Every structure is written in C-alpha cells, then in structure tokens.
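Residue numbering for the sequence shown follows my numbering, beginning at 1 and increasing consecutively. Below is one structure, written out as structure tokens; comments come after it.
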Amino acid sequence: MNKTKIFVRCIIVDDEPLALETLESYISDFPGLKLVAKCRDAFETLKVLKQESVELMFLDINMPKLSGISLIKSLENPPLVIFTTAYPQYAVEGFDLDATDYLLKPFSFERFVKAVNKAIERLNQTSDNQKSDTDFLLIKSDKRIFKVNLNEIKYIQSNGDYLKVVTIHKVIVSHQTLKKIVEMLPASEFIQIHKSYIVSLKYISFIEGNQVKVGDEFLPIGITFKENLLDKLNVNE
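The structure is reproduced here in structure tokens:
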C-alpha cells in the first residue's frame, strides 16, 4: 500500500496581486496543501527556497527581472512546478522543463485540483521509487566514504554547505546540503523539523514546546515544520 503524503508544502510565485489571492484561496480550500510563502519575484523565491523545504511551486512565467522559466533553469534541485500564466505560447518550453502541469489564466478551481492531484501522484511515486533495498547511506567525509546504516542515524544538522550526521556510534561531517540528503532518506523514517535539522522518528523521545528530544539532546522545531511533525506522530496539540 502506498503511503500518501500528509500534506504538500508549496509556494506561490507571481507578481500579480489578484493571481496571488486566487491561488492562496484555492490552496486553502484543498486539503493536503500547506502554503509556505507567497513571492512576487524570482529573487524573493530563491531566498525562501534556501530557508524552507518546498515540494511544489505554483510559478508564473512572465515576471520582471527573471522569468519563471529562467528561475527553474537556475535551480539545481527544483521542486515540482505547476506553471501559471496568461500566455499559452510558453506551454511547450514549460513542459520541456518537466513541469507537472500548465495552468492558463484564468483557471477554475476544478482545473487547479486536477493539476495538484497530478503533482501529489508524482510526489508519491518519487517517494516509492526512493525506497530501495538499501538500508544505508554512503557519506563522503574528507578522503573517506562511510557506510552509515539508516537505523543508526539519530539526526542530521546543517551548517551552510556542511552536514553533521549524528549516529549512535559517531559523528560524520560531510560537504553537502541538507536538501540533497533529505531526498535520499525514506520519508517513513525521517522528517525535517527545522531548516537546519532532520531527525529519525525512531529516536524521538518527546516534544516539549518548540523542542524535540532526540536521544540525549534537545533540538529546535521550526514554526513552519511543527505541524508536519505533529501530523507525522499523530499528535493533536
């Protein structure tokens, strides 16, 4: 049985106030979507993507300074994209970038739902495909490559472009990003609780306020990540 995502973290990128308002309303009416941010240009979006975990982006194409298409091309690991635009001539180029869907303004809530369902299906398929037979990660540190069993990882902390992988036996420092490694971890066993922390559900002892105890340590819970954590643990505040 496939495990569907509890909710999908998404952002809106559009320089038109009416478009932002419409999409925000549609998102609030769709169970399973969580709006993380509303951005009016590509540069604001880049800041959000560095700070937040985002799985789906509703992206306008024709924007000042940097177009939506140029924005996607600039990202190493972009989230799933649903393009929203008033210009149908961009459709082919949008799909060439592996867009999930292409919504031509003005679009109805029914058409929006269809696009989102396609995105959720892709996310679930990706999650299933990432669940391989391997139960370990290969972590490069200095001139060595460590084999780290998933069931021994307590948490992973990000500090810029470096990661600290804390296991029950040792701590490994690796030169890579948190976003990259979170894609390698099974969502059924690990969860991001903060822009700088991923924890193993197995080693969570309890939650107290905006902290979670993992092993012998208290780690911070980011405000935008707390709801997802509580949902994952089936906890009602």
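Using N, Cα and C, we set each Cβ at its ideal position, and we do this for glycine too. Since the structure is predicted, the reported quantities are computational estimates derived from the model, not experimental observations.
Residues sharing a beta bridge with residue i, DSSP
| i | result |
| --- | --- |
| Ser174 | Leu163 |
| Tyr102 | Phe83 |
| Leu33 | Val8 |
| Tyr155 | Val166, Val199 |
| Val261 | The chain is shown from 1 up to 237; residue 261 falls before or after that span and cannot be answered. |
| Ser141 | Arg144 |
| Val13 | Cys39, Leu59 |
| Phe136 | Asn149 |
| Ile191 | Val199 |
Among the options, nearest to residue i - alpha-carbon criterion
| i | options | result |
| --- | --- | --- |
| Ser196 | Glu44, Thr224, Ile120 | Thr224 |
| Pro106 | Pro31, Leu233, Ile198, Ala19 | Ala19 |
| Ala99 | Lys118, Arg111, Gln89 | Lys118 |
| Ile204 | Lys232, Leu33, Leu178, Lys143 | Lys232 |
| Cys39 | Pro31, Cys10, Ser28, Asp161 | Cys10 |
| Val13 | Gln192, Tyr26, Glu44, Ser25 | Glu44 |
| Asn77 | Asn62, Val54, Thr85 | Val54 |
| Asp161 | Glu183, Leu66, Leu178 | Leu178 |
| Leu80 | Glu121, Leu150, Val212 | Glu121 |
| His194 | Ala37, Glu52, Asn62 | Glu52 |
| Asn159 | Lys50, Val36, Ile145, Leu103 | Lys50 |
| Lys65 | Leu75, Ala42, Leu103, Ser74 | Ala42 |
| Leu97 | Ile69, Gly222, Ser200, Lys226 | Ile69 |
| Ser188 | Asp142, Lys213, Leu150, Gln211 | Leu150 |
| Leu185 | Leu137, Leu104, Asp15 | Leu137 |
| Phe190 | Asn228, Leu104, Phe58 | Asn228 |
| Leu104 | Phe58, Lys143, Ser67 | Phe58 |
Status (buried if at least 16 other CB within 10 Å, exposed otherwise) for residue i
| i | result |
| --- | --- |
| Asp135 | exposed |
| Tyr87 | exposed |
| Ser25 | exposed |
| Gln192 | buried |
| Asp101 | buried |
| Ile168 | exposed |
| Pro17 | exposed |
| Ala115 | buried |
| Ile27 | buried |
| Ile72 | buried |
| Ile221 | buried |
| Leu75 | exposed |
| Phe109 | exposed |
Anticipated Cβ contact below 8 Å, residue i with residue j, distance rounded
| i | j | result |
| --- | --- | --- |
| Ile198 | Ser174 | With a Cβ gap of about 13 Å, Ile198 and Ser174 do not count as contacting. |
| Ile82 | Leu56 | 7 Å |
| Lys34 | Val8 | 7 Å |
| Val148 | Val171 | Actually they are not in contact, since the Cβ atoms of Val148 and Val171 sit about 11 Å apart, beyond 8 Å. |
| Thr84 | Asp60 | 5 Å |
| Val113 | Phe30 | 7 Å |
| Leu163 | Ile181 | 6 Å |
Mind the definition here: the segment 153–162 touches the segment 211–224 only if three or more C-beta pairs lie below 8 Å; say whether that holds. yes
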